[in-house]
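S.K.: A single structure is presented below for examination.
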Amino acid sequence: MTALTRRRDRERQECWHIFYGDIQVGMIAERSGIPASADRWGWTLGFTPPPHCANRAQGTAADFETARAAFEAAWLNFLSGCTEDDFRAYRRQQAFTNWKYTMWERGCRLPTQNESGRSTCFCGAPLDAASFTAHVYAAHMTAEEPAQ
Numbered sequence: 001m002t003a004l005t006r007r008r009d010r011e012r013q014e015c016w017h018i019f020y021g022d023i024q025v026g027m028i029a030e031r032s033g034i035p036a037s038a039d040r041w042g043w044t045l046g047f048t049p050p051p052h053c054a055n056r057a058q059g060t061a062a063d064f065e066t067a068r069a070a071f072e073a074a075w076l077n078f079l080s081g082c083t084e085d086d087f088r089a090y091r092r093q094q095a096f097t098n099w100k101y102t103m104w105e106r107g108c109r110l111p112t113q114n115e116s117g118r119s120t121c122f123c124g125a126p127l128d129a130a131s132f133t134a135h136v137y138a139a140h141m142t143a144e145e146p147a148q
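Numbering (the UniProt record's numbering), first residue to last: 1 to 148.
See below:
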């Protein structure tokens, strides 16, 4: 099974993003704006393939190690309900979203934004409304890491 890894947030000093392979599945961070008597750390868990949109977990803890342990316990429960298809669907959605924003950043229109239903990808490939998603997945989706 793929191990969970954490990466420090570049902008928040006491914040870690939690990854399962190539997929961000949660975060553990020091909470701000809370009373001194409240738990100092918080964690959230979840990602958004269609079957899991509503399945999220979160909690608080007095210290980082307790928050990490609670996150890992919740993750094992969450993971038992996931399939490889869930991870694949998430990766495909991420690839499409990244492609769409790159198109817009480079001033390219999507085929669905033109009356003709045609456009040109930022990579130079011709696109049409009927088949552009296949192009995105074939040409712009990075290799999948096995999730389970």
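The C-beta atom is built at its ideal place from N, Cα and C for all residues, glycine as well. Only a predicted model underlies this, so the values are computations on that prediction, with no experimental measurement involved.
Expressed to the nearest angstrom, what Euclidean distance is found between the alpha-carbon atoms of Glu72 and Arg91?
M.R.: Counting from one through the sequence shown, the residue named residue 72 turns up at place 72. Counting from one through the sequence shown, the residue named residue 91 turns up at place 91. Cα to Cα, Glu72 sits roughly 22 Å from Arg91.
S.K.: According to the neighbour-count rule (16 or more other Cβ atoms, all chains shown, within 10 Å of its Cβ), is Glu11 buried or exposed?
M.R.: Taking the sequence shown and counting its residues from 1, one reaches residue 11 at position 11. Exposed, by the Cβ-count rule.
S.K.: With Leu127 and His140 assumed to form a contact (beta carbons below 8 Å), what rounded beta-carbon distance in angstroms separates them?
M.R.: In the sequence shown, counting from the first residue as 1, residue 127 sits at position 127. In the sequence shown, counting from the first residue as 1, residue 140 sits at position 140. Wrong, their Cβ atoms sit about 12 Å apart, outside the cutoff.
S.K.: For Trp43, does the count of other Cβ atoms within 10 angstroms reach 16, so buried, or fall short, so exposed?
M.R.: Residue mapping note: residue 43 aligns to position 43 of the sequence shown, counting from 1. Classification of Trp43: buried, given that the 10 Å Cβ count is 16 or more.
S.K.: Relative to the C-alpha of residue 204, which residue among Phe122, Asn114, Thr112, Pro111 is closest?
M.R.: Only positions 1 to 148 of the chain appear in the structure, and residue 204 is not among them; the question remains open.
S.K.: With DSSP collapsed to three states, give me the class of residue 157.
M.R.: Missing from the structure shown is residue 157; the chain here goes from 1 to 148 and no further.
S.K.: Let me know if Ile28 comes out buried or exposed under the rule of 16 or more other beta-carbons within 10 Å of its beta-carbon.
M.R.: As a working mapping, residue 28 is identified with position 28 in the sequence shown. So Ile28 counts as buried.
S.K.: According to DSSP, is Leu79 helix, strand or coil?
M.R.: Sequence index remark: in the sequence shown, residue 79 carries index 79 (1-based). Here Leu79 sits in helix by DSSP.
S.K.: Where does Ser32 land, buried or exposed, given buried means 16+ other C-beta within 10 angstroms?
M.R.: In the sequence shown, residue 32 corresponds to position 32, counting from 1. Exposed.
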